[in-house]
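Novice: Our numbering puts the sequence shown at residues -14 to 433.
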Amino acid sequence: MAIKSREVRKGGQMYWDEKLETMPAAEIQKFQLRKLKETVAWAYERVPFYRRKLDEKGIKPNGIKSLEDIARLPLTVKNDLRDNYPFGLCAVPLTEVVRVHASSGTTGKPITGPYTAADLNDWTDCMARNLWAAGVRPDDIAQNAYGHGLFTGGLGFHQGLSRIGCMLVPTSSGLTERQITLMKDFGTTALFCTPSYALTIAERAEELKVDIRKLPLRVGVFGAEPWSSAMRLEIEERMGIKAQEAYGLTELCGPGVGFDCVAQDGIHINEDHFLAEIIDPQTHAPLPLGEKGELVFTSLQRRAMPMLRYRTKDITRLRRETCRCGRTFIKMDKIFGRSDDMLIISGVNVFPSQIESLLLEIPEVEPQYRLVVRKKGYLDQLIVQVEGRKEIYDAGPERRLQIAAKVTAHIKGMMGIGVDVDLVEPKFINRSEGKALRVVDERPKHLR
Ligand code: ADP
Ligand code: ZN
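(1) Taking C-alpha atoms, which residue in Gly311, Met399, Val409, Met317 lies nearest to Val350?
(2) Buried or exposed: which applies to Thr80, given that a residue is buried once 16 or more other Cβ atoms fall within 10 Å of its Cβ?
(3) I'd like to confirm the pairing. Which residues does DSSP put opposite Met317 in its beta bridges?
(4) Answer with buried or exposed for Gly373, where buried requires no fewer than 16 other C-beta atoms within 10 angstroms of its C-beta.
(5) Taking only heavy atoms of the ligand ADP into account, decide whether any of them is closer than 6 Å to the Cβ of Ala87.
(6) Any residues whose CB sits closer than 6 Å to a heavy atom of the ligand ZN? List them in chain order?
(7) In the segment 44 to 90, which residue ranges form an unbroken beta strand (DSSP E) of at least 3 residues, counting only runs that do not cross its ends?
(8) Whole angstroms is fine: what's the gap from Val154's alpha carbon to Arg148's?
(9) Could you pull the start and end residues of the alpha helix (DSSP H) that Thr166 belongs to?
(10) With C-beta atoms as the reference, is Pro240 less than 7 Å away from Gly141?
(11) For Met8, which residues from the same chain have a beta carbon less than 7 Å from its beta carbon, with the 5 sequence-adjacent residues on both sides left out?
(12) Using a Cβ-based criterion (distance less than 6 Å to any ligand heavy atom), does Ile264 qualify as near the ligand ADP?
(13) DSSP three-state label for Glu427, please.
(14) In chain order, what are the residue ranges of uninterrupted alpha helix (DSSP H) at least 4 long that sit wholly in the segment 247 to 293?
(15) So what does DSSP say about Asp124, is it helix, strand or coil?
(16) Please say whether Asp265 and Leu272 have beta carbons closer to each other than 7 Å?
(17) Compare the Cα-Cα distances from Leu285 to each of Ile186, Pro33, Asp107 and report the closest residue.
(18) Taking the alpha-carbon of Arg223 as reference, which of Val242, Arg203, Glu210, Glu230 has the nearest alpha-carbon?
(19) Roughly how many angstroms separate the alpha carbons of Gly251 and Ser331, rounded to a whole number?
(20) Is there contact between the segment 313 to 325 and the segment 52 to 64, where contact requires at least three CB pairs shorter than 8 Å?
(21) Quick check on the burial criterion: 16 or more other C-beta atoms within 10 angstroms. Buried or exposed for Ala270?
(22) Among Glu192, Lys420, Tyr363, Phe413, which one has its Cα closest to the Cα of Arg428?
(23) Cβ of Leu234 within 6 Å of any heavy atom in the ligand MG?
(24) Which whole-angstrom value is the C-beta distance of Thr173 and Asn129, which I expect to be below 8 Å?
(25) Ile368 by DSSP, collapsed to three states: which one?
(26) Please list, in chain order, all residues of the same chain as Ser(-10) whose beta carbon is under 8 Å from its beta carbon, the five residues on each side excluded.
(27) Measure from the C-beta of Glu351 to each C-beta in chain C and report whether the shortest distance is under 7 Å.
(28) Please work out which residues of its chain come closer than 8 Å, Cβ to Cβ, to Leu193, disregarding the five sequence neighbours upstream and downstream, and give them in chain order.
(29) Start and end of the beta strand (DSSP E) containing Leu328?
(30) What residues in its chain sit with their C-beta under 6 Å from that of Gln13, if we drop five residues either side in the sequence?
(31) Have a look at Pro201 and Asn64 and give me their C-alpha separation to the nearest angstrom.
(32) Any idea what DSSP makes of Cys111, helix, strand or coil?
(33) In whole angstroms, what separates the C-alpha of Val333 from that of Arg355?
(34) Within the same chain, show all residues whose beta-carbon is closer than 8 Å to that of Lys15, passing over the 5 residues directly before and after it, in chain order.
(35) Buried or exposed: which applies to Arg198, given that a residue is buried once 16 or more other Cβ atoms fall within 10 Å of its Cβ?
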């Protein structure tokens, strides 16, 4: 194999940027306040949408005196971005924009994310920081199987990995057999993709009798969709790697908003760039540290598209503590789910990831599932379609019913809700190459 000179500048260090990542919280907050003031002024002066919303609330940029004042700022939602599609929220002349990404737009028009050269540089730095915390180093052979293109995942990881100086293999997503061949031939040590695609790769490798656990692969950084801790363990076991996490959204930059370190105990938020809050999704009131609610972000250094109090719809809680890794950046728990994926079954709030964890506890089924929601009279009915393991499915209808009943009882026992379980044949559920489709909502639109 060709010898390449890699950047070894920081190979032995713990942190990408030690001073920043271990800064006392009070100092970070001082920095955040300064940047918050600048951001509000930047948005007010340059984006008519924000000026109007701030004027409506009678807020002037110089009225921001403390971090708590953020609660007075108006909230921003996805529809605001759609209404201003494509560049209505852009705060710089388009001649200063050097890149535009867009979200997958699975629900309606896509939303755009423009970047200035400085934004792109900051994003790249956040990514490098995150990858470093996950244990990625310059001597890694990095296979980047996030979709490359408008989606922020592919290029975001590409930039971060390039900055670290890895040997980068930009496979993009899909062509799973080729992913496995390259992984073997190149001796890939680090993999980057959605967790559901990681599972697809693991499964295909098993079918091809390639034991990934015996390959040099040692770490993966997975994100862009919710996945349970049980799914993380499943991937770690099937691939023989550490499965690290990345969190982000197009509205803020893409991946690089948050990341977990090797302690795997919560997701650190890049606090010098993103100010996180938790609000009550119904009343919009700010919730104290430690309480579960909707995550809201304000960007602190973005120039092309500043974001004031963006409602992510992601449900989690925040923790301020010094991590075992020594980092002081605030942490959030693993995302519980999106509020728009939350189902109310028999009066109980249900997130797909809770069901996922329970399914993974049952050895007779594959970790491949889909939740179908229908109306049964006035009530929501949840059908859990999950694949039986081949030998279970092949054993005939009686065995299938028995396992379906076992799954139903497990979910009832743990969550107190009644679900119908449909034990489907192996390969029934479409394999994901990007973000998995977990919920199929068959309820009439007006009844959701
Ligand atoms: P889209 O909204 O079209 O899916 P994005 O790529 O911007 O496009 O998706 C961002 C969303 O993806 C986040 O708000 C969150 O719901 C989800 N997401 C990203 N990373 C994670 C993660 N590590 N865990 C859970 N959800 C995640
Ligand atoms: Zn940590």
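Yeah, the Cβ is synthetic: ideal placement off N, Cα and C, and Gly gets one too.
Specialist: Result, derived from the coordinates:
(1) Val409
(2) exposed
(3) Ile252, Leu303
(4) buried
(5) no
(6) Cys246, Ala248, His253, Cys308, Cys310, Arg312
(7) 82 to 87
(8) 14 Å
(9) 161 to 171
(10) yes
(11) Thr313
(12) no
(13) coil
(14) none
(15) coil
(16) yes
(17) Asp107
(18) Arg203
(19) 31 Å
(20) no
(21) exposed
(22) Tyr363
(23) For the structure depicted, the ligand MG is absent and the ligand set comprises only the ligand ADP and the ligand ZN.
(24) Incorrect: roughly 10 Å between the Cβ atoms, too far for contact.
(25) strand
(26) In this prediction, Ser(-10) scores a pLDDT of 37, lower than 50, which makes its location untrustworthy; the coordinate-derived value is nonetheless stated afterwards. Counting only Cβ-Cβ distances below 8 Å, and skipping sequence neighbours, we find nothing.
(27) Here chain C cannot be found, since the structure has a single protein chain.
(28) Glu162, Ile165
(29) 328 to 330
(30) Note on residue identity: the sequence assigns Ile, not Gln, to residue 13. Counting only Cβ-Cβ distances below 6 Å, and skipping sequence neighbours, we find Glu256.
(31) 45 Å
(32) helix
(33) 19 Å
(34) none
(35) exposed
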